[in-house]
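Trainee: Each residue of the sequence shown is one higher than the one before, counting from 1264 in the working numbering.
Glycine included, each C-beta is placed from N, C-alpha and C at the ideal position.
Mind looking over this structure? Questions follow.
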Amino acid sequence: SKGDFEFNLVSCFPPTYKDRVNGARMDMAQAFADLKPGYVRLPGGNDLEGPTILERFIWNNTIDLLENRPGRRGTWAGYNTEGFGLIELLTFVEDIGATPVLAVYAGYSLDGKAVPQDELQPYIDEVIKELDFLTAYA
């Protein structure tokens, strides 16, 4: 028969660390766990800042169902699907026995541009919503 179809999301995961849905690869997670970090900052700095202000880590773009996460241009190359989002990051850090340290967007990105001080309020509000979400989630 003839017809068109579209794949929105294809995800083939081998078993993951601690059997987490959408979790980390066992070898990589075990390597991190073996380091026994006391603290892990998340998300990472360059990923948080993003290539541009519009392409920064936006926490609420990373918590929906995988197929609904919009993704963004990768920080160094490629495309970031946001498949390993805020909840996955927090769970992973706790699974390896570390304490998560939440990093928040400071208003500047890797292209050297910064949000003017008098325009920061929406970004501050975004952080407050993230903290509200995380404290309700805990």
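Can you tell me the Cα-Cα spacing of D1297 and L1305, whole angstroms?
Mentor: Taking the straight line from one Cα to the other gives about 18 angstroms.
Trainee: Please report the residue range of the beta strand (DSSP E) in which V1356 lies.
Mentor: V1356 -> not in any beta strand (DSSP E); alpha helix (DSSP H) instead, spanning 1349-1358.
Trainee: Let's test the definition: count the other Cβ atoms within 10 Å of the Cβ of N1343 and tell me whether it reaches 16, buried, or not, exposed.
Mentor: Looking at its Cβ environment, which holds 16 or more other Cβ atoms inside 10 Å, N1343 is buried.
Trainee: Starting from V1303, trace the alpha helix (DSSP H) both ways and give me its first and last residue.
Mentor: Not the alpha helix (DSSP H): V1303 falls in the beta strand (DSSP E), residues 1302-1305.
Trainee: Distance check for R1319 and G1337, CA to CA, integer angstroms please.
Mentor: C-alpha separation (whole angstroms): 10 angstroms.
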